[in-house]
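From first to last, the protein sequence lines stand for chains A and S. Number 116 in this note's numbering belongs to position 116 of the first sequence; there are no gaps in the numbering. Number 227 in this note's numbering belongs to position 23 of the second sequence; there are no gaps in the numbering. Where is the CB? At the ideal position from N, CA and C, for every residue including glycine. Heads up: the structure comes next, in structure tokens.
Number of protein chains: 2
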Amino acid sequence: MKSIETTFEKELKDEIALLPIVELKANSVVLMENSYVKEIPILLEGIIKVRKTDESGKEIILYQIYPGESCILSITACLNDKQCNAEAYVEKTSKLVMIPANKVKLWMEKYSSWKQYVYNHYYERFDELLGLIDAIAFKHVDLRLLNKLKEHQLKQGNEIEITHQILAKEIGTAREVISRLLKQLEKENFIILERGIIKIIRTL
Amino acid sequence: MKSIETTFEKELKDEIALLPIVELKANSVVLMENSYVKEIPILLEGIIKVRKTDESGKEIILYQIYPGESCILSITACLNDKQCNAEAYVEKTSKLVMIPANKVKLWMEKYSSWKQYVYNHYYERFDELLGLIDAIAFKHVDLRLLNKLKEHQLKQGNEIEITHQILAKEIGTAREVISRLLKQLEKENFIILERGIIKIIRTL
DNA sequence: TTGACATGGTGACGTACGTCACGATCATTA
DNA sequence: TAATGATCGTGACGTACGTCACCATGTCAA
Numbered sequence: 001m002k003s004i005e006t007t008f009e010k011e012l013k014d015e016i017a018l019l020p021i022v023e024l025k026a027n028s029v030v031l032m033e034n035s036y037v038k039e040i041p042i043l044l045e046g047i048i049k050v051r052k053t054d055e056s057g058k059e060i061i062l063y064q065i066y067p068g069e070s071c072i073l074s075i076t077a078c079l080n081d082k083q084c085n086a087e088a089y090v091e092k093t094s095k096l097v098m099i100p101a102n103k104v105k106l107w108m109e110k111y112s113s114w115k116q117y118v119y120n121h122y123y124e125r126f127d128e129l130l131g132l133i134d135a136i137a138f139k140h141v142d143l144r145l146l147n148k149l150k151e152h153q154l155k156q157g158n159e160i161e162i163t164h165q166i167l168a169k170e171i172g173t174a175r176e177v178i179s180r181l182l183k184q185l186e187k188e189n190f191i192i193l194e195r196g197i198i199k200i201i202r203t204l
Numbered sequence: 205m206k207s208i209e210t211t212f213e214k215e216l217k218d219e220i221a222l223l224p225i226v227e228l229k230a231n232s233v234v235l236m237e238n239s240y241v242k243e244i245p246i247l248l249e250g251i252i253k254v255r256k257t258d259e260s261g262k263e264i265i266l267y268q269i270y271p272g273e274s275c276i277l278s279i280t281a282c283l284n285d286k287q288c289n290a291e292a293y294v295e296k297t298s299k300l301v302m303i304p305a306n307k308v309k310l311w312m313e314k315y316s317s318w319k320q321y322v323y324n325h326y327y328e329r330f331d332e333l334l335g336l337i338d339a340i341a342f343k344h345v346d347l348r349l350l351n352k353l354k355e356h357q358l359k360q361g362n363e364i365e366i367t368h369q370i371l372a373k374e375i376g377t378a379r380e381v382i383s384r385l386l387k388q389l390e391k392e393n394f395i396i397l398e399r400g401i402i403k404i405i406r407t408l
């Protein structure tokens with residue numbers, strides 16, 4: 001998706017410029033499950049992850065929000081005056097603009113660029129969720145790990161900074177499983193493992 | 205969700221009344237994966253299922269569309285001029301109104317009841333998809349089968365007309381697995397199995 | 001320096017469930 | 001009436017992967 005600068009028309013950017021910028025520390029919860037939504041975040045810096053947690057504490061990452069993007073689940077809850085059905089938290093310290101819920105509705109009428117922004121989010125997130133369903137329904141964990149590694153490679157390059165634990169949660173499995181599979185990939189000379197770092201040395 | 209009668213304002217109902225009604229036979233594909241969307245269906249009678257199919261032919265039902273409802277994936281594709289990323293087909297012979305894609309966009313501005321209808325679909329379908337992810341990520345097949353049976357019970361009563369094969373596809377597993385689990389439930393006196401029918405005789 | 005955590009490596013074990021391979025019935029059509 | 005296809009039952013088998021139980025490091029704060 002595009003940056004706020006190029007996406008929105010001038011008057012909308014002016015309105016947004018008037019809104020407060022919030023800085024959140026790592027692991028802060030942006031949006032709680034089953035709560036009503038009063039503000040919609042647009043992410044300026046950092047990463048937000050949206051997760052679903054099981055009663056037993058197992059969790060899976062539904063999708064990630066990058067700078068310039070917003071949280072479609074919040075927007076949906078807001079447009080319908082309903083609760084939200086997943087949890088969003090910031091992975092690294094992040095900066096966000098918080099938009100009051102009532103503006104979100106207003107802007108849908110007032111600014112066609114906002115409307116298009118929301119429509120686009122619906123498309124992209126649906127696509128991601130369908131991809132996730134496809135993955136967990138049909139793909140084995142080893143393949144999903146490979147895809148996840150490639151995904152991180154696209155964003156971080158060949159030296160990926162991540163722990164096995166976080167990878168496991170992104171994929172929705174146990175840490176030991178990931179550790180074992182990664183070790184396997186290391187033996188096959190695809191990657192080199194270091195504490196908190198995965199170096200990719202051959203095309204996955 | 206509600207019926208078209210009560211949901212829409214008069215002028216919109218009048219517009220819809222002018223559109224052709226199509227009757228589709230069982231297993232017709234309403235909407236193909238990766239195709240551009242020219243018409244949005246509103247279902248009048250019957251059932252539409254939206255599915256994702258694996259290369260190997262395995263499939264899972266994403267959600268079902270009942271009378272009065274529409275297909276949010278079509279709408280999303282349409283609002284973004286993009287292809288659709290799943291396949292919809294009719295389960296039983298069904299009647300639908302087909303709305304030209306350009307009207308869908310127009311109506312978002314013109315009729316607030318239509319806008320609300322679409323917003324509501326987004327909320328409901330997201331909720332269902334998140335529920336599905338939760339289920340396939342965390343729940344075992346036996347539990348998912350129980351839930352699916354309850355779901356059918358709500359719609360059809362205690363005598364559910366369905367084959368093991370279809371149940372398997374709805375859940376995304378193999379027929380044998382479902383047959384075995386159902387047999388187990390029969391042994392435990394929860395259900396009675398007949399060809400094409402599952403009778404529920406005790407609270408699941 | 002010394003705990004206290006966070007990270008990760010690895011063996012052992014159980015099991016849910018996917019797959020193959022049959023056969024037995026029922027239903028529909030030629 | 002024979003034949004063909006849909007539906008269902010069931011045994012056998014393999015295996016991916018979740019879980020438990022440790023231990024070995026590295027890191028950071030007190």
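Is DSSP giving I171 (chain A) helix, strand or coil here?
-> For the purposes of this step, residue 171 (chain A) is identified with residue 171 of the first sequence, where counting begins at 1. Helix.
Cα separation between K139 (chain A) and N85 (chain A)?
-> In the first sequence, the residue the question calls residue 139 (chain A) occupies position 139. In the first sequence, the residue the question calls residue 85 (chain A) occupies position 85. Cα to Cα, K139 (chain A) sits roughly 25 Å from N85 (chain A).
Chain S contact residues for L210 (chain A), given Cβ-Cβ distances below 9 Å | Coverage of chain A is limited to positions 1 through 204, which leaves residue 210 (chain A) absent and any answer about it impossible.
For a contact meaning CB atoms closer than 7 Å, what does D258 (chain S) contact in chain A?
-> Translated into the one-based positions of the second sequence, residue 258 (chain S) becomes position 54. Within chain A, the residues near D258 (chain S) are F138.
Residues of chain S with CB under 7 Å from N85 (chain A), in chain order?
-> On the first sequence, residue 85 (chain A) is found 85 positions in, with the first residue counted as 1. Here the neighbours are D331 and L334.
Beta-carbon gap between I265 (chain S) and L247 (chain S) smaller than 7 Å | For the purposes of this step, residue 265 (chain S) is identified with residue 61 of the second sequence, where counting begins at 1. For the purposes of this step, residue 247 (chain S) is identified with residue 43 of the second sequence, where counting begins at 1. Not a contact, by the Cβ cut-off of 7 Å.
In angstroms, rounded to a whole number, what distance separates the CA positions of L12 (chain A) and P20 (chain A)?
-> Along the first sequence, read from residue 1 onward, the residue named residue 12 (chain A) stands at position 12. Along the first sequence, read from residue 1 onward, the residue named residue 20 (chain A) stands at position 20. So the two alpha carbons sit approximately 15 Å from each other.
CB I303 (chain S) to CB I279 (chain S), shorter than 7 Å?
-> Counted from its first residue, the second sequence places residue 303 (chain S) at position 99. Counted from its first residue, the second sequence places residue 279 (chain S) at position 75. For I303 (chain S) and I279 (chain S), no; Cβs fall outside 7 Å.
Pair within 7 Å by beta-carbon distance, V301 (chain S) and I220 (chain S) | Taking the second sequence and counting its residues from 1, the one referred to as residue 301 (chain S) is at position 97. Taking the second sequence and counting its residues from 1, the one referred to as residue 220 (chain S) is at position 16. Contact: yes.
Environment of L240 (chain S) [buried if 16+ CB atoms lie within 10 Å] = For the purposes of this step, residue 240 (chain S) is taken as residue 36 along the second sequence, with counting starting at 1. According to the sequence shown, residue 240 (chain S) is Tyr rather than Leu. Exposed: under 16 other Cβ atoms inside 10 Å.
Between F88 (chain A) and the rest of its own chain, which residues show a CB-CB distance below 6 Å, the 5 nearest in sequence each way excluded?
-> Walking along the first sequence from the start, residue 88 (chain A) turns up at place 88. According to the sequence as given, residue 88 (chain A) is Ala; it is not Phe. Counting only Cβ-Cβ distances below 6 Å, and skipping sequence neighbours, we find V30, L31, I48, V50 and C71.
In three-state terms, what does DSSP make of R384 (chain S)?
-> The residue labelled residue 384 (chain S) in the question sits at position 180 within the second sequence. Residue state, collapsed to three classes: helix.
N-terminal and C-terminal residue of the alpha helix (DSSP H) that Y123 (chain A) is part of | Counted from its first residue, the first sequence places residue 123 (chain A) at position 123. Where Y123 (chain A) is concerned, the enclosing alpha helix (DSSP H) stretches over S112 to F138.
Does any CB atom of chain A fall closer than 7 Å to the CB of T210 (chain S)?
-> Against the second sequence, residue 210 (chain S) aligns to sequence position 6. Not an interface residue.
Proximity of I200 (chain A) and Q153 (chain A) at Cβ, strictly below 7 Å | For the purposes of this step, residue 200 (chain A) is taken as residue 200 along the first sequence, with counting starting at 1. For the purposes of this step, residue 153 (chain A) is taken as residue 153 along the first sequence, with counting starting at 1. Yes, these two residues count as a Cβ contact at 7 Å.
Count the other CB atoms, across all protein chains shown, that sit within 10 Å of the CB of G436 (chain S); report buried if there are 16 or more and exposed otherwise.
-> Nothing about residue 436 (chain S) can be reported from this structure: the residues present for chain S run from 205 to 408 only.
Measuring only between beta-carbons, confirm whether D282 (chain A) sits less than 7 Å from chain S.
-> With chain A represented from 1 up to 204, any question about residue 282 (chain A) goes unanswered, as that position is not in the structure.
By Cβ distance, which residues of its chain are closer than 7 Å to K229 (chain S), with the 5 residues on each side in sequence left out?
-> Sequence index remark: in the second sequence, residue 229 (chain S) carries index 25 (1-based). T297.
Please decide whether T76 (chain A) counts as near chain S, where near means a Cβ-Cβ distance under 7 Å.
-> Here residue 76 (chain A) refers to the residue found at position 76 when the first sequence is read from its first residue. Yes, its Cβ sits closer than 7 Å to a Cβ of chain S.
What residue from A:E159, A:S112, A:L130 and A:L73 has the CA that sits closest to K10 (chain A)'s CA?
-> The sequence position of residue 10 (chain A) within the first sequence is 10, counting from 1. The residue with the shortest Cα to Cα distance from K10 (chain A) is A:S112.
D346 (chain S) CB to nearest chain A CB: under 7 Å?
-> Walking along the second sequence from the start, residue 346 (chain S) turns up at place 142. No, D346 (chain S) lies away from the interface with chain A (no Cβ there is under 7 Å from its Cβ).
Cross-chain neighbours of L266 (chain S) in chain A, by beta carbon under 9 Å = Locating residue 266 (chain S) in the second sequence gives position 62, where the first residue counts as 1. Going along chain A in sequence order, the residues near L266 (chain S) (Cβ under 9 Å) are L130 and I133.
For F190 (chain A) versus R180 (chain A), is the C-beta spacing smaller than 7 Å?
-> Taking the first sequence and counting its residues from 1, one reaches residue 190 (chain A) at position 190. Taking the first sequence and counting its residues from 1, one reaches residue 180 (chain A) at position 180. No, these two residues do not count as a Cβ contact at 7 Å.
Helix, strand or coil at E5 (chain A) according to DSSP, with G and I counted as helix = The count along the first sequence starts at 1 and reaches residue 5 (chain A) at position 5. If DSSP states are grouped into helix, strand and coil, E5 (chain A) belongs with the helices.
Terminal residues of the alpha helix (DSSP H) in which T76 (chain A) lies = For the purposes of this step, residue 76 (chain A) is identified with residue 76 of the first sequence, where counting begins at 1. Run containing T76 (chain A): I72 to L79, per the alpha helix (DSSP H) assignment.
Consider the Cβ of K262 (chain S): report whether some Cβ of chain A lies at a distance smaller than 7 Å.
-> If you number the second sequence from 1, residue 262 (chain S) lands on position 58. Yes, because at least one Cβ of chain A sits closer than 7 Å to the Cβ of K262 (chain S).
For N158 (chain A), return the contacting residues in chain S, with the cut-off set at a CB-CB distance below 7 Å.
-> In the first sequence, the residue the question calls residue 158 (chain A) occupies position 158. Near N158 (chain A) there are no residues of chain S at all, since even the closest Cβ is about 29 Å away, more than 7 Å.
Compile a chain-ordered list of the residues in the region 99-128 of chain A whose CB is closer than 7 Å to at least one CB of chain S.
-> Y119, N120, Y122, Y123, F126 and D127
Taking only beta carbons into account, state which residues of the region 246-257 of chain S come closer than 8 Å to chain A, listed in chain order.
-> K256
Listing by chain order, which chain S residues have their CB less than 7 Å from the CB of L73 (chain A)?
-> Position 73 of the first sequence, counted from the start, is the residue given in the question as residue 73 (chain A). Within 7 Å Cβ-Cβ: F330.
Using a Cβ-Cβ cut-off of less than 7 Å, give me the residues of the region 166-194 of chain A that come near chain S, in sequence order.
-> G172
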